[in-house]
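These notes are about the structure you will find just below.
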Amino acid sequence: NVVKPIVISTWNHGLAANNDAWKILSDKGKALDAVEAGVRNSESDINNMSVGIGGLPDRDGKVTLDACIMDEHNNCGAVACLEDIENPISVARKVMEDTKHVMLVGQGAKEFALEKGFKETNLLTEKAKKLWEKWKVQSNYKPIINSENHDTIGLLALDEFGNLSGACTTSGMAYKLHGRVGDSPIIGAGLFVDNEVGAACATGVGEAVIRVAGSAIVVELMRNGMSPNEACKEAVDRVIKKHKDVTDLQVGFIALNRNGEYGGYSVYSGFNYAVRSTTQNELIDAQYNRE
Ligand code: SD4
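Plus 3 on top of the position in the sequence shown (first one is 1) and you've got this note's numbering.
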């Protein structure tokens, strides 16, 4: 008894994203289309200060976006440090479908997007600019643990046909060095999908997620028999074990397996994820290692 279709996504902005994904999934659509449509909702939400337009800029006041997408055949596409394009996830999908490559970065990614007909848009809102100007006074770089309870969006879906896909998109850590790329566009770190097993994605301090190959590990642990929740917990334990100091180091994983079972786990409390299926539409508080 496989639960399908089903979609899960990180943080409370996941509710609105799931809603858009669900329109596709409930109409016998494909997981790949659903994950793209879902996270586009967060990217285009001007009030969301950690994804897409409206995102907080880097140290130099530039909004640079990271995103990746992966389907049931291990096809994947990614963009990193992309500027001036509102929906990086759709550019990532174009990289996947229209090129022989997996990842494009910076100016090259932007030129590719423009070639594909994406519009150039100013992503730095007045609100984000003001916050950056205030930050500049002290210029003290410090990751925010649960950024107003919404952050990178990672979204995983299992469709009617039993196929899995995932998408992950972010403006990255606020006030990062220009050119910094986090885990979110890195296949195996911010996102991983293996249709034989399940899918996982990550949020939080990207450097820590990359160090343990986070999402790939979660999927591998599920392959070896763990439930999605157990696998996310084990990956979080590994993050903790590999870092001497986990002060301010929030990392959260969510996972979904082929049977439609899901789970989530984080280093600190405060991480939540949204679930939508025929019988569910809710926000769930993830289990965690510490308060
Ligand atoms: C990153 N994981 O760039 C992303 C963004 C995030 O708190 O979740 N920031 O590291």
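Each residue gets a CB set at the ideal place from its N, CA and C atoms; glycine is no exception.
> How many whole angstroms separate the CB atoms of A203 and V212, which I take to be in contact at a CB cut-off of 8 Å?
Replying inline: Contact doesn't hold; Cβ gap of about 11 Å is too wide.
> Closer than 8 Å: is that where the CB of A205 sits relative to any heavy atom of the ligand SD4?
Replying inline: yes
> In the DSSP assignment, what are the bridge partners of D288?
Replying inline: N275
> So is the beta-carbon of G55 under 8 Å away from any non-hydrogen atom of the ligand SD4?
Replying inline: no
>> Could you pull the DSSP bridge partners for F195 from this structure?
In response: A203
>> Looking at the secondary structure, which residues open and close the alpha helix (DSSP H) in which L35 lies?
In response: A34 to E46
>> When you measure from the CB of K179 to every non-hydrogen atom of the ligand SD4, does any distance come out below 8 Å?
In response: yes
> What is the DSSP secondary structure of L59, reduced to helix, strand or coil?
Replying inline: coil
> Got a sec: does the ligand SD4 put a non-hydrogen atom nearer than 8 Å to the Cβ of T124?
Replying inline: no
> When burial is assigned at 16 or more other CB atoms within 10 Å of the CB, is K97 buried or exposed?
Replying inline: buried
>> Given the structure, does I147 come close to the ligand SD4, in the sense that its CB is under 8 Å from one of the ligand's heavy atoms?
In response: yes
>> Would the region 87-104 count as touching the region 17-30 if we require 3 or more Cβ pairs under 8 Å?
In response: no
> Along the chain, which unbroken stretches of the alpha helix (DSSP H) at least 4 residues long are found entirely within the region 205-242?
Replying inline: 209-214 and 217-226
>> So the candidates are Q253, G263 and K31; which of them puts its Cα closest to the Cα of K145?
In response: Q253
> Alpha carbon to alpha carbon, what distance is there between R241 and K139?
Replying inline: 34 Å
> Three or more C-beta pairs closer than 8 Å, one from the region 157-176 and one from the region 71-86: is that the case here?
Replying inline: yes
> Any heavy atom of the ligand SD4 within a distance shorter than 8 Å of the CB on E210?
Replying inline: yes
> Is there contact between the region 32-51 and the region 7-19, where contact requires at least three CB pairs shorter than 8 Å?
Replying inline: yes
> Under 8 Å from any heavy atom of the ligand SAH, does the C-beta of G182 make it?
Replying inline: The ligand content of the structure shown is limited to the ligand SD4, which means the ligand SAH is not among them.
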